[in-house]
Amino acid sequence: MNASEFFLNLDRRWIFLVIGLVVLLPIVRPFDLPGIKPTDQSKNYFDTMNAVPEGTKILISADFDPGSKPELYPMLEATLRHAFKKKLRIVVMTLWLTGIGMVEKAIKDNVAYAKDHFGVEPQEGKDYVFIGWKTGGSAVVIGMGVNILEMFSQDNYGKPLAEHPIMAGVKSLKDFKIVVSLSAGTPGFKEWVQYGVQKNNLTFVGGCTGIIIPEAYPYLQAGQMKGVLGGMKGAAEYEKLLNIPGTATGGMVALSLAQFMIILLVAACNIIYIASGRWRKP
Amino acid sequence: MTFLEILGIWFATAMTLFILSFLYKDNPFYKLAENIFVGVTLGYSVVGAIWKTIYPEWVVPLFSSDVGIWRKGFLLIPGVLGILALARIIPKLNWLSRPAFAFVMGWGAGVAIPTAVDAFVLKHTSKTVSAILPGGEFTFGAVFTAFSNLLIVVIVLCVLVYFFFSIEHRGPIRVASRLGVLFLMVAFGIAYGNTVMGRMALLYNRFFELKQNASGESYFATPILVLVTVLGLIVHEVWIKPRPPGTEDVQLEKPPEGAST
Amino acid sequence: MAGWALWLMAATLQQAEPPKELEAFDARNDDGESIALWWAKMPYEADGVEYVIFASFTEGGPTLEAARLGSKKGYASDRKIPWWAGSRSPNHHYLEVDTDALAAALVDLEWPEARAVKDEIAALEGSLSHTTGEKEKVEAELAELEKIKPPSAVADEIATLKERLRWLDAHRPIWTERKRELDEKLQTRIDSLSDGVLYYQVAVVQGTQELTRSGWVSAAESDNLFNFNRIHSFGLAIVFCAIIVAFIQVGKRRELFLRKIPGLAAVDEAIGRAVEMGKPVYFLPGRHDINEINTIAAVTILGEVAKKCAQLGAQLKVPHTYVLVYAVSQEITKQAYTEAGRPDAYRDDINFFITEDQFAYTAAVDGMFVREKPAAIIYMGYFYAESLILAETGAGIGAIQVAGTDADHQLPFFVTACDYTLIGEELYAAGAYLSKDPTLVGTLRGQDVGKLFVMAGVAGMTFLSFWFTVFGYTSAIKFVLDLVTPY
Amino acid sequence: MFVKRTLPMLVAFGVGFAFALQYYLPFSFSEDALSATSKWYSIIASFALLLGIVSVIQSHARKIQTQSVGWGYSLVLFFAFASMVMMGAFSAGNAETPPGVKGPIYGTSYGWLYNNAMIPLQTTMFATLAFYVASAAFRAFRAKTFGAFLLLFFAVVMLFGKASLGVTLWDESIGTIHASLQLDRIIEWLMGTLNMSARRAILIGVALGMIATSLKIIFGIERTYLGGKGE
């Protein structure tokens, strides 16, 4: 069997291996390719976060479940990193019961990341707090617009919320400079806009899965949402703006590389096929 | 994390890896995952049928005092048909199930006719002919749009010609149907290329999950299980003697009578 | 300038006359739950000026706001209807009002008790939904508590729960009964008040100021027998049906030509090869349930394939994902074996059910492919994402693969991975092609004539649309297009 | 043979005719009939599911009984099936815990199985498509004929145009000539014109096939589902 024969009848497990490696590599070690051009919406998200001074209090609501993790978890990570880097003070919550575990992990990992990479040491209670989950969706948002401490009397771990220094001077949603919702559906940014943003005149940005991004456009046009990150692409663009390649960048790179790998394989295969003179046979 | 959560992560990771191991070759891990998969989904559909359909849609209204006697009577029909469909289990009473199947097939056929006319024929015809010429100024863009719209009509007609069954494809019909096949190939190529990225994203999501489960918090589920799977495959390959080809795990509890002539 | 315009507008509004040509009538082509109001475009229509529709049970009786419409919105020309089903005049307003909801709201004005009755119904609904499933929950808790020893430690809790159970048992039936009673009472009162007819007035409002108000009009809602919006679709359905039925008759009388479908010729070849190699033939009937037409086409083909397998002595295997398809296929296979003169070769495990889940089915069938290495795999029917997983696995074991599907989104994958693919309509033609049954062949000729009809329509309308655009008859285009637009 | 053959055909005819007409009849009885019968369909199918379960249990029980090759896997299947059904019964088919009730982890035991067995298995099986989509392309995208060349050429164009790397490469070079040459515009045109029109033709053809097959069922010409067309 000569070389061209071997290549044309290549055991497909080699192709499986190549594709697997190409997709895996950028996850294990995220790197960047010139290919991600931030859209205006992602820039707006970044600029809104970037414009506030050190020490500003912001609220992040991670409204997603494990099903939407690959798209929204990188957004949560990048937002936390951005906030820690800028030394913002953050209150994190979720409207989705199944989101609790992911938020805990994201906070823990990124506090460690901030220590390693930005030289800051965010303190729990002072710089950040995770207030957990409450049932009710839109009712929670409405309640927070009136009095947060009544809605969330304790943090996620049962400690009275009022004892955290970060909550000093925070009464309602109005006391946050920015509210962020990373949402995978209902309850999500729609509830935040309808029941929180409009009434309390909040600066609101969001992130969402690729499927529901069309639902965000009316709010963006109306200015109720200042910017939005759409799907894994949006997360990758945010990472690009932050200049910290993360898992979303890895994802975009992986997809690009895998597609190019297929193009390469098909091209090579056809060149060899034609060069070996087989195409002349009927 | 609670014990159950960690157990869940381990289980999910193992299932993911076992399914992926099939890409190398069929192996006991895959068979294990496959049978768990089939069992679990069977159970899921039973639970769904009972708790999401039969109980709320049938039992509850049948025994509820809110529902009038007429509606209850109507509700008996699908129940009876459903139970009659079960008569297939008993070969002699097989025919009892026929009214149920007739109902289902007749219903499907009836609903399909107007749907086919409206949603397929009318919708696609109207979209094809609605905008041959764009209004407005005579620019390059407008000319190109007009060309594209005309091209759509030509492609639709050519591909439809390809589908003629009862006319011999000769002369101009042959040309049109040949063009139709080529247009189909173009369309299939485009559709193929268009879906690749979505599929890659699915794989990326699985790998993402595996990476998340590799951390110390989940007690290094991914690396340990990868090791176990790989070692298991090696053991299976090297130490467990492969059976002679052909007999391997083919379920031949009976001789295949149909094959003997 | 601006001042002038404002003054002028105010002046026109001052002497506003009530909307002209006001009419109320049953909204056509619906299930009789709404009426339509119709009135002429008036000169004072502007941003900020609104039409408010008031409704009442009697002429001159107490009114309720039924709807509100910006004065520059809701023209009849916005209606989504074809030209023959009603006027699409740009100079008139058209508004549909839901009468059932309106009557339920209006009853408050005429019947002092109504509010209280509705509140009670709402409260009862609340209590009922709140306690739904509570009984089971309490019982479960009780069972847990009763396991604890010694029982005296939890005696209080048990007593409380038992009390709760008694309370639930006592109250829920009463609530249900009471709610039914009240619902009935309310409905009777509404019926006696309205008698199906409601009265309407249209007022013109700017801000909070009412400028003018029309006289009363009334209309009764009614069920409509036929949806005239869809009469063209109805006509077309009849035309197609007539063509097909006619050619079924033609097919019975004389033999009709049938072109070759390459994929189907390959089916015989594939079965033959399987017999030579002593390996099974797999037939996958798609992943739609039996009520879908593509599955019916698939099981018809299964009948023919089974016949061939029985004749040649190939081992057939048909994995199923829907139970009803499985049951039907069993009958068909059995019949096919009998018709082929090999009832002895029929086994009940030719058809087997796996699971309803898409990917579990795929995983299981994939495993079978690899373990049994069938010589031929035939995919017929509707498929989803599993198409390529299965077809690539099949190609990997070197089976001859023939696919046929009308799932346009999966065709590219079958075309790529299989040896032969029946595209779209060919799936429906395959049964006729394989069986050569004259009635079925006649149907195919009917389908062809139907296609010709559609093609002539597309070509003709393209020409007309082109011609109308060039000569500027834009309204004529709409006229023609309506004939092929689904409503 | 009235009950065995004529009655089913009458049922199919009556039901089929009535529901073909239903689409054009807007009155409330007609609408109610459609929504009621679509529920009937799911009820019948739910009952019939038992048929499938019996078949699966029979075939695997036979395997276990005869201890044929791989009977251990049949045991696994039974175990998985039984635990899903039991957990489902305990939690009344709810994967999520209703608020206020304590469950194992943010869900019921049924939810645990659903989230940790069904979801990963489904998504992983689906994800294997990524590999197959590549290997099928490698194996089959060969310019053997002009048609095959078109297929592979346009697939490669789409692959290039959908990758963010490809978009950047193109738009920074050729795309700078004119805005209408930008890659997303080209992709849009390919999808909207070449791909969509061929699919339209397929669907129009399919519609005619559907109408013909439906008619055959309604008129009893097609009655393979009753077992054969004879008698």
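So the protein lines, in turn, are chains A, B, C and D. Everything in the first sequence is counted per this note's numbering, starting at 3 for the first residue and increasing by one. Everything in the second sequence is counted per this note's numbering, starting at 3 for the first residue and increasing by one. Everything in the third sequence is counted per this note's numbering, starting at 2 for the first residue and increasing by one. Everything in the fourth sequence is counted per this note's numbering, starting at 1446 for the first residue and increasing by one. Where is the CB? At the ideal position from N, CA and C, for every residue including glycine. Here the structure is a predicted model, which is why all the values come from computation and not from measurement.
| Item | Value |
| --- | --- |
| Opposing strand residues paired with HIS321 of chain C [DSSP bridges] | C:PHE354 |
| Closer than 9 Å to chain D by CB, VAL416 of chain C | yes |
| Simplified DSSP assignment, three categories, for PRO1471 of chain D | coil |
| PRO1543 of chain D in three-state terms, based on DSSP | At PRO1543 of chain D, the pLDDT of 49 sits below 50, so the modelled position is not reliable; the number obtained from the coordinates is stated separately. In this structure, PRO1543 of chain D counts as coil in the three-state DSSP scheme. |
| Residue-chain proximity (ARG14 of chain A, chain D), Cβ-Cβ < 9 Å | yes |
| Neighbour flag for THR100 of chain C against chain D, beta carbons, 9 Å | no |
| Cα-Cα separation between LEU82 of chain A and PHE9 of chain A, rounded to whole angstroms | 48 Å |
| SER140 of chain A (DSSP reduced to helix, strand or coil) | helix |
| Boundaries of the alpha helix (DSSP H) in which GLY1650 of chain D is found, first to last residue | 1641–1663 |
| Residue-level contact to chain A via CB, ALA35 of chain B, 9 Å cutoff | no |
| Whole-angstrom distance between PHE222 of chain B and ILE8 of chain B, CA atom to CA atom | 10 Å |
| With 16 other Cβ atoms within 10 Å as the buried cut-off, status of MET278 of chain C | exposed |
| Partners in chain B for GLY1 of chain A, counting only beta-carbon separations shorter than 8 Å | Look at the range of chain A in this structure, 3 to 284, and you will see that residue 1 of chain A is not part of it. |
| Distance, TRP1634 of chain D Cα to ILE401 of chain C Cα | 36 Å |
| Residue from A:ILE213, A:PRO189, A:ALA5, A:LYS128 whose Cα sits closest to the Cα of PRO167 of chain A | A:LYS128 |
| Cβ neighbours of ASP407 of chain C in the same chain (closer than 6 Å, five flanking residues each side left out) | ASN295, GLY425, LEU428 |
| Counted within 10 angstroms of its Cβ, other Cβ atoms place LEU95 of chain B as buried (16 or more) or exposed | exposed |
| DSSP beta-bridge partners of ASP27 of chain C | C:ILE36 |
| Chain D contact residues for ALA315 of chain C, given Cβ-Cβ distances below 7 Å | Simply none; closest approach about 20 Å. |
| Separation of ASP170 of chain C from VAL1546 of chain D, as counted between CA atoms | Residue confidence is low: VAL1546 of chain D scores 45 on pLDDT, short of 50, so the model does not pin down where it sits. Its coordinate-derived value is still stated next. In a straight line, the C-alpha of VAL1546 of chain D is about 21 Å away from that of ASP170 of chain C. |
| Delimiting residues of the beta strand (DSSP E) encompassing GLU60 of chain C | Run containing GLU60 of chain C: none; DSSP gives neither H nor E here. |
| Any chain B beta carbon closer than 9 Å to ASP449 of chain C | yes |
| Residue range of the beta strand (DSSP E) that includes HIS94 of chain C | 93–99 |
| Boundaries (first-last residue) of the alpha helix (DSSP H) holding TYR194 of chain B | 173–214 |
| Contact set between LYS1 of chain B and chain D, taken where Cβ atoms lie within less than 7 Å | The displayed coordinates of chain B run from 3 to 263. Any statement about residue 1 of chain B would go beyond what the structure contains. |
| Short-range partners of chain A found in the segment 1560–1577 of chain D, where Cβ spacing is below 8 Å | ASN1560, ILE1564, ALA1575, PHE1576 |
| Opposing strand residues paired with PRO162 of chain A [DSSP bridges] | A:GLN156 |
| Enclosing alpha helix (DSSP H) for GLN1567 of chain D [first to last residue] | 1564–1572 |
| Any C-beta of chain D under 9 Å from that of GLY279 of chain A | no |
| Enclosing beta strand (DSSP E) for ILE401 of chain C [first to last residue] | 401–406 |
| Closer than 9 Å to chain B by CB, GLU178 of chain C | yes |
| Residue burial classification, HIS172 of chain C (beta-carbon count within 10 angstroms, cutoff 16) | exposed |
| Three-way DSSP call (helix, strand, coil) for VAL218 of chain C in this model | strand |
| C-beta contact flag for ARG30 of chain C and ASN230 of chain C at 9 Å | According to the sequence displayed, residue 30 of chain C carries Asn and not Arg. Cβ distance < 9 Å, so ASN30 of chain C and ASN230 of chain C count as in contact. |
| Residue from A:GLY229, A:VAL181, A:GLU123, A:ILE215 whose Cα sits closest to the Cα of LYS45 of chain A | A:GLY229 |
| Cβ pair GLU97 of chain C, SER35 of chain C closer than 9 Å | yes |
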